[in-house]
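Colleague: The numbering of the sequence shown is our numbering, which starts it at 5 and goes up by one. Every residue, glycine too, gets a C-beta built ideally from N, C-alpha and C.
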Amino acid sequence: MNSNVAVIGAGSWGTALATVLADNEHNVKIWTRRQKQADEINNSHTNTKYLPGFTLPHTIQASSDLAWCTRDVKYVLLVVPTKAIRDTVTQLKPHVKDYNILIHASKGIEPGTSKRISEMVEEELDEKKGEATVVLSGPSHAEEVCERQPTTVTVSSHIAQAAEEVQELFMNNNFRVYTNQDLIGVEIGGALKNIIALGIGLTEGLGYGDNAKAALMTRGLAEIARLGIKLGANPLTFTGLSGLGDLIVTCTSQHSRNWRTGYKLGMGKNLENVLDEMGMVVEGVRTTKAVKELSNRLKVEMPITEALFEVLFNEKKPEAAAYQLMGRVRKHEVENVSLLLGPDFQEKWQGKSWSPNDNE
Numbered sequence: 005m006n007s008n009v010a011v012i013g014a015g016s017w018g019t020a021l022a023t024v025l026a027d028n029e030h031n032v033k034i035w036t037r038r039q040k041q042a043d044e045i046n047n048s049h050t051n052t053k054y055l056p057g058f059t060l061p062h063t064i065q066a067s068s069d070l071a072w073c074t075r076d077v078k079y080v081l082l083v084v085p086t087k088a089i090r091d092t093v094t095q096l097k098p099h100v101k102d103y104n105i106l107i108h109a110s111k112g113i114e115p116g117t118s119k120r121i122s123e124m125v126e127e128e129l130d131e132k133k134g135e136a137t138v139v140l141s142g143p144s145h146a147e148e149v150c151e152r153q154p155t156t157v158t159v160s161s162h163i164a165q166a167a168e169e170v171q172e173l174f175m176n177n178n179f180r181v182y183t184n185q186d187l188i189g190v191e192i193g194g195a196l197k198n199i200i201a202l203g204i205g206l207t208e209g210l211g212y213g214d215n216a217k218a219a220l221m222t223r224g225l226a227e228i229a230r231l232g233i234k235l236g237a238n239p240l241t242f243t244g245l246s247g248l249g250d251l252i253v254t255c256t257s258q259h260s261r262n263w264r265t266g267y268k269l270g271m272g273k274n275l276e277n278v279l280d281e282m283g284m285v286v287e288g289v290r291t292t293k294a295v296k297e298l299s300n301r302l303k304v305e306m307p308i309t310e311a312l313f314e315v316l317f318n319e320k321k322p323e324a325a326a327y328q329l330m331g332r333v334r335k336h337e338v339e340n341v342s343l344l345l346g347p348d349f350q351e352k353w354q355g356k357s358w359s360p361n362d363n364e
């Protein structure tokens, strides 16, 4: 059945998801802060700043009028940078109805509060409206989605029915959607993989090869899992699409802004200049700061995050950070197994009552 959907944010990912929805014959209205961008989408069916070379479905409508975009819609898809979440949700609040399902497809952690995006949304909305928020995450480059290349993602929510509705909303032959009950793990995996991608890009900028890349990705996944488990995530989430899958795609593709930023830093460029060159938000930079604060507070060991924090914010040389990581004290590779499969694992995760439809 056709649905009315408002997409809040006309960057590359918001536009790509709007394309998926339009392909599914939903009625899509996309909101942008700039009327000039809305006019381009409406008249030329392009979004050249964020997705150059792509023609958008002619059925997508765009506007800078938030009230118009959200009128008579059931689903509201929020796709803005983490730093804009609270302000955007505050603007959205008067237009969100009790029957709306709010979806977010952003990836990050807020510095200062260490809040995940769903927590920020819930704080800014009435609690009843916020608790049904659905997160959409997974290994997905906007460019490939617009090319209708095969893509798989995960949706998660505290409310199983809401997740299943969003699964149905997006699913098609090119865009496969799974459900996952672990909202914390899905958001943590999606946010922290950007930190590791910065590190991978940095090592490649230094001229290191595949051995270093494999080491950093593997130990990075362990680092992500350590923090996620401390926050209450299901360990198995980090072996799935929003964990290992998202980590692989972000760390191995030059589509990734985080990889490109790290690469330029490894080549010796200044962070401020690199961010100016990128012209788009690089979520991993801000997330590194937020996760460093969070790991310190929770006393979770995160050496890759700590080394990148020093490079990004304390002007440490990338070569010195790499040397610091390689010179750490001896460790046992599987020191995390006791965390991943502790004695309470079966009781905590195998007996949950949240039971979405079979998605195999």
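#1: Exposed or buried, which one is Y327 when buried takes at least 16 other CB atoms within 10 Å?
#2: Less than 9 Å between the C-beta atoms of Y54 and G116, yes or no?
#3: If you draw a straight line from the alpha carbon of G209 to that of R223, how long is it in whole angstroms?
#4: Would you tell me roughly how many angstroms separate the C-alpha atoms of Q171 and V159, rounded to the nearest one?
#5: CB-CB under 6 Å to P56, same chain, minus the five flanking residues each way: which ones, in chain order?
#6: Identify every residue that forms a DSSP beta bridge with S141.
#7: Note the first and the last residue of the continuous alpha helix (DSSP H) segment covering L316.
#8: Quick check: the Cα distance between T94 and T52, rounded to an integer number of angstroms?
#9: For F242, report the span of its beta strand (DSSP E) as first-last.
#10: If contacts are defined as beta-carbon pairs under 8 Å, then A10 and V80 qualify, I think. What distance do you get, rounded to the angstrom?
#11: Using beta-carbon positions only, say whether S246 and V285 come within less than 9 Å of one another.
#12: Which one of L196, V24, A226 and E123 has the shortest CA to CA distance from T254?
#13: From V333 to P307, what does the alpha carbon distance come to, in whole angstroms?
#14: Hey, quick one: how far does the beta strand (DSSP E) through Y182 stretch, first residue to last?
#15: Can you tell which of N274, N8 and A26 has the C-alpha that lies nearest to the C-alpha of H49?
#16: Counting along the chain, where does the beta strand (DSSP E) carrying Y33 start and finish?
#17: The ligand HEM and A229: does the residue's C-beta get closer than 8 Å to at least one heavy atom of that ligand?
#18: On the three-pair Cβ rule with 8 Å, is the stretch 136-143 touching the stretch 103-119?
#19: May I ask you to report which of helix, strand or coil DSSP gives V278?
#20: If distances are taken between C-alpha atoms only, which option among E305, R301, K320 and S144 comes closest to V181?
#21: Are there three or more Cβ pairs, one per stretch, closer than 8 Å when the stretch 271-279 is compared with the stretch 223-239?
#22: Do A42 and S7 have their CB atoms nearer than 9 Å?
#23: Please classify F313 as buried or exposed, where buried requires at least 16 neighbouring CB atoms within 10 angstroms.
#24: Using the C-alpha atoms, what's the distance from K293 back to V304?
#25: Measuring CB atoms only, is the stretch 199-209 touching the stretch 259-272, in the sense that at least three cross pairs come out at less than 8 Å?
#26: State yes or no: is the C-beta of L298 within less than 9 Å of the C-beta of I113?
#27: Does the Cβ of F317 have 16 or more other Cβ atoms within 10 Å, making it buried, or fewer, making it exposed?
#28: Can you give the Cα-Cα distance for L173 and N274, rounded to whole angstroms?
#29: Rounded to the nearest angstrom, what separates T19 and E323 at their Cα positions?
#30: With DSSP run on the structure shown, which of helix, strand or coil describes R120?
#31: Apply the 10 Å Cβ neighbour rule to D69 and answer buried if 16 or more other Cβ atoms are within range, or exposed otherwise.
#32: Taking 9 Å as the cut-off, decide whether the C-beta atoms of K119 and E287 are in contact.
#33: Quick check on the DSSP output: what are the complete beta strand (DSSP E) runs of length 3 or more inside the stretch 58-116, in order along the chain?
#34: Would you please state the rounded distance, in angstroms, between the beta carbons of G283 and G142? I believe it to be under 8 Å.
#35: To which residues of the same chain is A71 closer than 7 Å at the C-beta, ignoring the five residues directly before and after it?
Modeller: By the coordinates alone:
#1: Residue 327 sits at position 323 when you count from the first residue of the sequence shown. The residue in question, Y327, is exposed, as its Cβ has fewer than 16 Cβ neighbours within 10 Å.
#2: Position 50 of the sequence shown, counted from the start, is the residue given in the question as residue 54. Position 112 of the sequence shown, counted from the start, is the residue given in the question as residue 116. Between Y54 and G116, the CB-CB gap reaches or exceeds 9 Å.
#3: Walking along the sequence shown from the start, residue 209 turns up at place 205. Walking along the sequence shown from the start, residue 223 turns up at place 219. So the alpha carbons of these two residues sit roughly 19 Å apart.
#4: Position 167 of the sequence shown, counted from the start, is the residue given in the question as residue 171. Position 155 of the sequence shown, counted from the start, is the residue given in the question as residue 159. Cα to Cα, Q171 sits roughly 7 Å from V159.
#5: Reading the sequence shown from its first residue, position 52 is the one you call residue 56. Counting only Cβ-Cβ distances below 6 Å, and skipping sequence neighbours, we find nothing.
#6: Stepping through the sequence shown from its first residue, residue 141 is reached at position 137. Listed as beta-bridge partners of S141 by DSSP are T158.
#7: Counting from one through the sequence shown, the residue named residue 316 turns up at place 312. Its alpha helix (DSSP H) spans residues P307 to F317.
#8: The residue you call residue 94 lines up with position 90 of the sequence shown. The residue you call residue 52 lines up with position 48 of the sequence shown. Just so you know, the alpha carbons of T94 and T52 end up roughly 28 Å apart.
#9: The residue you call residue 242 lines up with position 238 of the sequence shown. Following the DSSP letters along the chain, one finds F242 in no beta strand (DSSP E), marked with neither H nor E.
#10: For the purposes of this step, residue 10 is taken as the residue at position 6 of the sequence shown. For the purposes of this step, residue 80 is taken as the residue at position 76 of the sequence shown. Contact between A10 and V80 is confirmed by a C-beta separation of about 5 Å, below the 8 Å threshold.
#11: As a position in the sequence shown, residue 246 is number 242, starting the count at 1. As a position in the sequence shown, residue 285 is number 281, starting the count at 1. Taking 9 Å as the Cβ cut-off, S246 and V285 do not qualify as a contacting pair.
#12: The residue labelled residue 254 in the question sits at position 250 within the sequence shown. Minimum Cα distance to T254 is reached at L196.
#13: On the sequence shown, residue 333 is found 329 positions in, with the first residue counted as 1. On the sequence shown, residue 307 is found 303 positions in, with the first residue counted as 1. Caution applies to V333, whose pLDDT of 44 falls short of 50 and renders its modelled position unreliable; the model cannot decide the point.
#14: Counting from 1 along the sequence shown, the entry for residue 182 is found at position 178. Secondary structure note for Y182: its beta strand (DSSP E) is the uninterrupted segment F179 to T183.
#15: Start at 1 with the first residue of the sequence shown, and residue 49 comes out as number 45. When each option's Cα is compared against that of H49, the closest is A26.
#16: Looking up residue 33 in the sequence shown gives position 29. Note that residue 33 corresponds to Lys in the displayed sequence, not to Tyr. First-last of the beta strand (DSSP E) with K33: N31 to W35.
#17: With respect to small molecules bound, the structure shown includes none, and the ligand HEM cannot be examined in it.
#18: Using a C-beta cut-off of 8 Å, the stretch 136-143 makes contact with the stretch 103-119, since at least three inter-stretch Cβ pairs fall below that distance.
#19: Numbered from its first residue, the sequence shown carries residue 278 at position 274. V278: helix per DSSP, three-state reduction.
#20: To locate residue 181, count along the sequence shown from 1; it is residue 177. Relative to V181, the option among E305, R301, K320 and S144 whose CA is nearest is S144.
#21: The stretch 271-279, when compared against the stretch 223-239, does not touch it at the 8 Å Cβ threshold.
#22: As a position in the sequence shown, residue 42 is number 38, starting the count at 1. As a position in the sequence shown, residue 7 is number 3, starting the count at 1. No, the Cβ-Cβ distance between A42 and S7 is not below 9 Å.
#23: Along the sequence shown, read from residue 1 onward, the residue named residue 313 stands at position 309. Residue environment: F313 is assigned as buried (16 or more neighbouring CB atoms within 10 Å of its CB, all protein chains considered).
#24: Reading the sequence shown from its first residue, position 300 is the one you call residue 304. Reading the sequence shown from its first residue, position 289 is the one you call residue 293. Straight-line Cα distance between these residues: approximately 15 Å.
#25: Output reads yes: the stretch 259-272 touches the stretch 199-209.
#26: The residue given as residue 298 occupies position 294 in the sequence shown. The residue given as residue 113 occupies position 109 in the sequence shown. Yes, the Cβ-Cβ distance between L298 and I113 is below 9 Å.
#27: As a position in the sequence shown, residue 317 is number 313, starting the count at 1. Counting Cβ neighbours within 10 Å, F317 comes out exposed, since fewer than 16 surround it.
#28: Reading the sequence shown from its first residue, position 169 is the one you call residue 173. Reading the sequence shown from its first residue, position 270 is the one you call residue 274. Using only the alpha carbons, I get a separation of about 42 Å.
#29: Position 15 of the sequence shown holds residue 19. Position 319 of the sequence shown holds residue 323. If you take the alpha carbons of T19 and E323, they lie about 38 Å apart.
#30: Taking the first residue of the sequence shown as position 1, residue 120 is located at position 116. In this structure, DSSP gives R120 an extended state, which the three-state scheme calls strand.
#31: For the purposes of this step, residue 69 is taken as the residue at position 65 of the sequence shown. So D69 counts as exposed.
#32: Walking along the sequence shown from the start, residue 119 turns up at place 115. Walking along the sequence shown from the start, residue 287 turns up at place 283. 9 Å or more divides the Cβ of K119 from the Cβ of E287.
#33: Runs of the beta strand (DSSP E) inside the stretch 58-116: 65-67, 79-82 and 105-108.
#34: Your numbering for residue 283 matches position 279 in the sequence shown. Your numbering for residue 142 matches position 138 in the sequence shown. The Cβ separation is near 25 Å, so there is no contact.
#35: The residue labelled residue 71 in the question sits at position 67 within the sequence shown. H99, listed in sequence order.
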